[in-house]
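Asks: Questions regarding the structure given below will be posed in turn.
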Amino acid sequence: MNRLVTDRLSLGYGAHLVVDDVSIAIPDGATTVIVGANGSGKSTLLRGMARLLKPSDGACLLDGEAIHRRPTKEVAKVLGLMPQQPLAPEGITVVDLVSRGRQPHRSALARWSRADEDAVTEALALTGTLDLADHAVDELSGGQRQRVWVAMALAQCPQILLLDEPTTYLDVAHQIELLDLLRGLRETRGTTVAMVLHDLNLAGRYADHLVALREGKVVAAGAPQDVVTEELVRDVFGLECRVVPDPVAGSPLVVPVGRFHQMRVEA
Numbered sequence: 123m124n125r126l127v128t129d130r131l132s133l134g135y136g137a138h139l140v141v142d143d144v145s146i147a148i149p150d151g152a153t154t155v156i157v158g159a160n161g162s163g164k165s166t167l168l169r170g171m172a173r174l175l176k177p178s179d180g181a182c183l184l185d186g187e188a189i190h191r192r193p194t195k196e197v198a199k200v201l202g203l204m205p206q207q208p209l210a211p212e213g214i215t216v217v218d219l220v221s222r223g224r225q226p227h228r229s230a231l232a233r234w235s236r237a238d239e240d241a242v243t244e245a246l247a248l249t250g251t252l253d254l255a256d257h258a259v260d261e262l263s264g265g266q267r268q269r270v271w272v273a274m275a276l277a278q279c280p281q282i283l284l285l286d287e288p289t290t291y292l293d294v295a296h297q298i299e300l301l302d303l304l305r306g307l308r309e310t311r312g313t314t315v316a317m318v319l320h321d322l323n324l325a326g327r328y329a330d331h332l333v334a335l336r337e338g339k340v341v342a343a344g345a346p347q348d349v350v351t352e353e354l355v356r357d358v359f360g361l362e363c364r365v366v367p368d369p370v371a372g373s374p375l376v377v378p379v380g381r382f383h384q385m386r387v388e389a
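Here's what the structure looks like:
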């Protein structure tokens, strides 16, 4: 049994339904990537799985129990989240922010332990932010802040890690570095990773399991090579393309045709 699943989950904001009757299983010890056009419900679905948004119908289940019925601290020991636009307290330093990832593992009166220190140091080192430890978070560039938030999630030592657009603000080198890091967590720690990505080619390269949404519904789910087809890209993203093997990874590579080149082909 997969630890994290959604069962006919519907989510929305007030009367506005965004995710409609979605049932998916997040494979344990694997990387799941959720893709779709803007407004398709990707981030809303992730928020529902992270217990931040109460279902209007159905449920998100963690170990067979509705996640919204479980104590917050109990869930936080298992599941870590990096939201899309996190906000840090004004003036907080990097090391203090990352240290907050240890809160689920500590009681109110517990002293800071060697295990806490090691987890924070390792998270900073893994994300390349160790040299920023004493800097104020609000003084950092967008890319640096993004890596610091990932470090906080890693310091939590979650068994399941949810990330909403973790490559935002990162240049292409840091995007690959971060996605390689997440793949390494899966391989060395068995961490289950579920994330939202905009870049379909990165999704195809790094996903073990791909979920495609359109207008709040799942239109395809499975291995990238089965999901990423020219027909699906046209249906979900409204984009004419060719899908060819990635010459490096062998994963499906989407090559946009574009209106100008489409006109030349038709001519």
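Using the numbering used here, the letters of the sequence shown map in sequence onto residues 123 to 389. Using N, Cα and C, we set each Cβ at its ideal position, and we do this for glycine too.
(1) In this structure, does DSSP put Leu174 in helix, strand or coil?
(2) Figure out for me which residue from Leu139, Leu168, Pro149 and Leu292 has the closest Cα to the Cα of Gly113.
(3) So, helix, strand or coil for Asp293, using DSSP?
(4) Are Thr154 and Ala329 close, meaning C-beta to C-beta below 9 Å?
(5) Just to confirm, does Tyr328 get its C-beta within under 8 Å of one of the non-hydrogen atoms of the ligand GDP?
(6) In the DSSP output, which residue or residues are listed as bridge partners for Ser132?
(7) Taking only three categories from DSSP, how would you classify Thr102?
(8) For Ser263, which residues from the same chain have a beta carbon less than 8 Å from its beta carbon, with the 5 sequence-adjacent residues on both sides left out?
(9) Leaving aside the five residues before and after Leu167 along the sequence, list all residues of the same chain whose C-beta is less than 6 Å from its C-beta, in chain order.
(10) Are Ser132 and Gly202 closer than 9 Å when you measure CB to CB?
(11) Can you check whether the CB of Gln281 is closer than 9 Å to the CB of Val200?
(12) Skipping 5 residues on each side, what residues in its chain have a beta carbon closer than 8 Å to that of Val377?
(13) Closer than 8 Å by C-beta to Thr215: which residues in its own chain qualify, once you throw out the five before and the five after it? Chain order, please.
(14) Just to confirm my understanding: we take Asp143, look at its own chain, exclude 5 residues before and 5 after, and list those with CB closer than 8 Å. What are they?
(15) From Glu208 to Val379, what does the alpha carbon distance come to, in whole angstroms?
(16) Indicate the three-state DSSP secondary structure (helix, strand or coil) for Pro367 in the structure shown.
(17) Arg173 to Leu139, Cα distance in whole Å?
(18) Just the C-alpha distance for Gly250 and Ile298, rounded to the nearest angstrom, thanks.
(19) Between the Cα of Asp368 and the Cα atoms of Val341, Ala325 and Ala343, which residue gives the shortest distance?
(20) Just checking, does the segment 236-245 make contact with the segment 190-199 on the three C-beta pairs under 8 Å criterion?
Replies: Straight from the coordinates:
(1) coil
(2) The chain is shown from 123 up to 389; residue 113 falls before or after that span and cannot be answered.
(3) Here Asp293 sits in coil by DSSP.
(4) In this structure, Ala329 lies closer than 9 Å to Thr154 by Cβ.
(5) The model depicted lacks the ligand GDP and carries no ligand whatsoever.
(6) Asp179
(7) Missing from the structure shown is residue 102; the chain here goes from 123 to 389 and no further.
(8) Tyr291
(9) Val141
(10) Not a contact, by the Cβ cut-off of 9 Å.
(11) yes
(12) Cys363, Arg364, Val365 and Val366
(13) If the five residues before and after Thr215 are omitted, its C-beta is found closer than 8 Å to the C-beta atoms of Ala255, Asp256, His257, Ala258 and Val259, all from its own chain and listed in chain order.
(14) Arg130, Leu131, Ser132, Asp179, Gly180 and Lys339
(15) Reading off the sequence, residue 208 comes out as Pro, not Glu. Cα to Cα, the separation comes out at about 35 Å.
(16) strand
(17) 17 Å
(18) Going from the Cα of Gly250 to the Cα of Ile298 covers about 13 Å.
(19) Checked all of Val341, Ala325 and Ala343; the closest Cα to Asp368 is Ala325.
(20) no
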